[in-house]
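This report concerns only the one structure given below.
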Amino acid sequence: MAIPGPLGKVLEATGFLNNGRPAPGVRVAREARAGRRGSYFSPDALWRGPSALTVYFKYKSVPPSADEVSVWRREIWNEGFAPLLWVVSPNRIDLYNGFGRPQAEGDADLHRLHTFQAIDNQLVELDQLAGRFAMESGQFWLHNETINRKSTVDQQLLLELSALERDLVAEGVDRGAAQGLIGRAIFTQYLVDRGIVDTKKLVQHCGKETLPDALRVSASAQSLFSWLRDSFNGDMFPASMPMAQLRQKHFARVADFLEAVDPETGQHSLFPYRFDIIPVELISSIYEQFAHSKSDEDADGTSEGSAKKLGVHYTRLPVVSLVLDEVLDGVSGKETILDLTCGSGIFLVESFRRLVLIRSKGKPTRAVIRATLYEQIFGVDISEAAVRVAAFSLYLAALELDPEPQPPESLKFQELIGRTLFVGNARDVETTPAGAALLVEGTRRQFDLVVGNPPWTFKGKRGTAERHSHASKAVPLQPRGEGLDFVMRAMDFAHDKTRYGIVLSAMPFFSGSKTGAAAARNVVERLSPATIVNLAPLIRWLFPTAKMPAVILLANCRKQREGQLTVVNVPWSPAGERSQTFEISPSDVSTLSLDEWAKDPERLKSVAFGRSRDIALLDEMKAEYSSLNKWLESIGSVWRDGLILGKPESRTRAASHLRGLEILTTKSLDYFKLPSNLESFEEGEAQWPRSRETYRAPLLLVKEFLKASPRPMTALSTRDLVYTDAYFGAALGVKNQESGRLLSMILSSSFATWFFLMTASEFGLWKRRLLTNDVGLLPIPRLDRTLASPAGKELLALERKLKRKDVTPDDWSNLDRLVCDIYDLDAIDRLVVQDGFLRAEWQWDEGRQRAAEPASVDGDLRAYADAFLAGIQPWFSVSNKRSMKAEIYDLPQQSPLRIIRFILLDAARKSRVDIIKPEGSLGSTIKAIGDRLRVPLAASLIGERELRIHSRSEVVLIKPAARRFWMRSAALEDADAIVAESFSGASR
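Position in the sequence shown counted from 1, then plus 1356, gives you our numbering.
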């Protein structure tokens, strides 16, 4: 474990070593080199995060040449998971971009990010930029925009394979045949790069020394592929592949790709790919994304359209890893696994790799590899092309795991299709000849693990009717989409202890639909203990083709209290999006009673997006006040959708009864005011005109979509008008006009925004949209009493003023204050509401970016400290003998962490907040705190870990620097937790 002196100094200064010992995630010397396939690069140390992101460290007594670094960097780039290479020499440290595509031999300088001198002040800068805490907390990604996943090996190879496919299709090759040819080429080049097929074998079987040379002569290519088919098996190189349509120019185009020849200019460039180094999971995922472009045929042979149309969305590796980290935790390696919608096999491939390594204790043998492949890994898909890709990927993984993959003739695989991989409809696959192997003596096989990402898409009334025909009448059915159907179907192949990890649409879990919520709850209750991981904030990069948010359902993976559901809300972060990793902290994890969820379907949303103080305030508001829907019911009104004019061919209903009325179109409304010069409606027919009474004034109007702000846009119209379906409204009757004006103000307040964030079925989750039921659930005070109150009168006066002017920030503050007054909220409750409004702003890029910015001392940390002290003060007020003060550590703005210390005082004094400037680096500051509290803090700060450490006289909070960790509502939660831990004797 020897580390060269200069390298040790650098690693110690940047937190990767702690008193000479490797920090969590750090491997040195032989451990750092174990398992690497590269020929030239031999790291002296590495750091690997929970998501497999890696930083490599290399020491040289003399700075290496650009050529040498370029060779190292090419190997690292092909690994696909290392954003950084540190090259350390006695007097300097060079940081290189590990994600930058190699351009040419000796191109190291193009990818050098920073150079630091090995002196104390520059080591501090290096630590702030790229030290362990910067990597663990994600702050590194905020300051290094040139490092991007778009240039990684998997993304670059995917782009080139897609271009290659387009060229082949343009030359008249069927898309399936094009993908088959490309798949064969990738697999063969992998065999060559691994040395499984050497030059001698190539010459022997095709007469050429390289694969590109063989491809440039179609007869040689055919001969080579024929030998490979005989050597491996028919699933890998099926004889049925339509090779007859392939011509010399098609083989030559693939050869151009392998030699990095521009097909238009004929110029050569560096071919950067090393298939012996690219991890098999990346090759598998690349090919799965690539194959997703094909329009497959269903089991009946009729075109079903693209994967996107089918509701199938490519599953990215981070999702697969998150699922399998839970599902495979603590397994023996001998478990069987089933994916009923396996697609191209990404779940199966990664499960296979992990099960082999677990079963063999990290030392796989061919016997264990083949036994696992043939006896434990099972998948079903309706697409034959997808199943063939799954077989390809599994064979590739088996070769990757094989410690001695020689000679090629000894590597022949048994066929998987029809044995463990099945082409068919998951609803009845075991009843068909193709899926007969899923039965054992006439009974369905039972599996230990079930994984997958079933289709999400709603297939219309016909699809719903078909689903109903297959479903049990006693089981609640998801009204739109079929993901939960696949979960129920998977239960047919499960036993009592089967573990589940399935990616699903989030809609039934958070839906306002009673049937959708009932279907989701039924599945969770049947599979309990369960965890729901909400991925909705990440949908933009995680499932870019999806039109709905996603969750992961995990079941039977962890022990939980009976009747309890764990809810994990994975937040968006710029680091997560750029590195394509998840950042989950303890504050993102909550629990929910299944009984509470059954009584209150909105509770799941509240638990996912709120904190305990939010839940308490919601309960108080619901208990004290009646809902807006009930008030509307009491005056004989309901919410109604607006007019849908429709396309000319859809205008089949009479609308002449609306002629002459003004019409409010999508962009006409502003907060609280209507234009005085609206056009009149003159159409005689419409698709959905609605009744004349729908448009009778006074009308309370709410815009359905929120474009620029989380504040709902509302107004009260005192004149009859037609509103389009961009709005919904309620006709209130003349005597309720003043109540309508008051409701318009309440609905546009931060209080309403907070409530909708906690309860609405889509707002905050994925669409910036409010539905009638969302708004109708809002608790409202007694309007007659409120109108007579001072706050109510002020609100009406403000509403009259705002009808005549643009709303200023001061106006909004005044409105929010008055609405909180009419709900009788105290200072703490108002703080909860205000922070809820800020969290609602995270639906917009500007709000998300602001939440990810480093917290400032005066703007964020002082407010946090004040809120913490306010939250804990009631406990001191009981005895009136003690108090507390805060010390904010004034760390550099680029520091990846923030620290606040709260000190218990023996006398009852007014709380105060001090700013202190620590001496030394962040690492030395943390070490000093740890030494004082006798806690190994450096080893405890892993990933997004938030630390609360307390002794008899002080509390220290250490968190990542991002502002979202230092909100005032978080301070209240921390204060509550400190009190609870003090009673229980716990410390975290």
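Where a beta carbon is used, it is the ideal one built from N, C-alpha and C, also for glycine.
Taken through DSSP and simplified to helix, strand or coil, G1536 comes out as helix. Here A2082 carries a coil assignment [DSSP, helix/strand/coil]. Excluding five sequence positions before and after G2192, the CB atoms of its chain that fall closer than 6 Å to its own CB belong to W2110 and L2113, given in chain order. A contact is defined here as three or more CB-CB pairs under 8 Å, and the stretch 2142 to 2151 fails this definition with respect to the stretch 1893 to 1903.
In this structure the stretch 1483 to 1491 touches the stretch 1368 to 1385; the number of beta carbon pairs closer than 8 Å is three or more. Secondary structure note for S1749: its alpha helix (DSSP H) is the uninterrupted segment E1740 to L1757. For D1970, the enclosing alpha helix (DSSP H) covers residues S1968 to E1980. Taking the C-beta atoms as reference points, A1862 is found nearer than 9 Å to P1905. Closest in C-alpha terms to G1361, from the list I2228, Y1856 and A1474, comes A1474.
Between the stretch 2160 to 2172 and the stretch 2080 to 2091, the count of C-beta pairs closer than 8 Å stays below three; the two stretches do not touch. Leaving aside the five residues that flank T1621 on each side, none in its chain has a CB nearer than 6 Å to its CB. Following the DSSP letters along the chain, one finds Y1415 inside the beta strand (DSSP E) bounded by residues T1410 to Y1415. By the Cβ criterion, the stretch 1796 to 1807 is in contact with the stretch 1687 to 1698, since at least three pairs of Cβ atoms, one from each stretch, lie closer than 8 Å.
Contact annotation, P1761 with L1755: C-beta distance approximately 5 Å; criterion of less than 8 Å satisfied.
Judged by pairs of C-beta atoms under 8 Å, the stretch 1511 to 1529 does not touch the stretch 1957 to 1966, as fewer than three such pairs exist. Taken in chain order, the complete beta strand (DSSP E) segments of 3 or more residues contained in the stretch 2027 to 2115 are 2055 to 2059, 2070 to 2073, 2077 to 2079 and 2083 to 2087. Secondary structure note for H1470: it is in no alpha helix (DSSP H), and the uninterrupted beta strand (DSSP E) holding it is R1468 to Q1473. One alpha carbon belongs to A2264, the other to Q1484, and they sit about 39 Å apart. When secondary structure is reduced to three states using DSSP, Y1546 falls in the helix class. Using a 10 angstroms sphere on the CB of R2067, the tally of other CB atoms reaches 16 or more, which defines it as buried.
By the 16-neighbour rule on beta-carbons within 10 angstroms, F2061 is exposed. Listed as beta-bridge partners of S1861 by DSSP are A1906. Under DSSP, E1527 takes part in no beta bridge, so it has no partner.
Ranking C2176, D1612, F2107 and L2098 by CA distance to the CA of L2158 puts L2098 first. R1709 has its alpha-carbon roughly 16 Å from the corresponding atom of C1698. By the criterion of a C-beta distance shorter than 8 Å, R1505 is surrounded in its chain by F1455, Q1511, R1934, S1935 and Q1936, once the five residues flanking it on both sides are discounted.
Between the stretch 1466 to 1481 and the stretch 2281 to 2289, the count of Cβ pairs shorter than 8 Å is below three; the stretches do not touch.
In the DSSP assignment, H1606 falls within the unbroken alpha helix (DSSP H) covering Q1604 to L1614. In terms of CA proximity to N1925, S1943 leads the group V2131, L1772 and S1943. In the displayed model, K2315 falls within a strand according to three-state DSSP. Beta-bridge partners of A1401 (DSSP): V1384 and F1413.
DSSP lists F1413 and L1451 as the bridge partner or partners of W1442. Looking at the backbone, the Cα of G1735 and that of V2189 are separated by about 48 Å.
In the DSSP assignment, the residues bridged to Q1920 are S1949.
Closest in alpha carbon position to L1402, among E1424, G1364, N1375 and V2163, is G1364. Residue V1745 holds the alpha-carbon nearest to the alpha-carbon of S1641 among R2186, V1745, P1811 and F1397.
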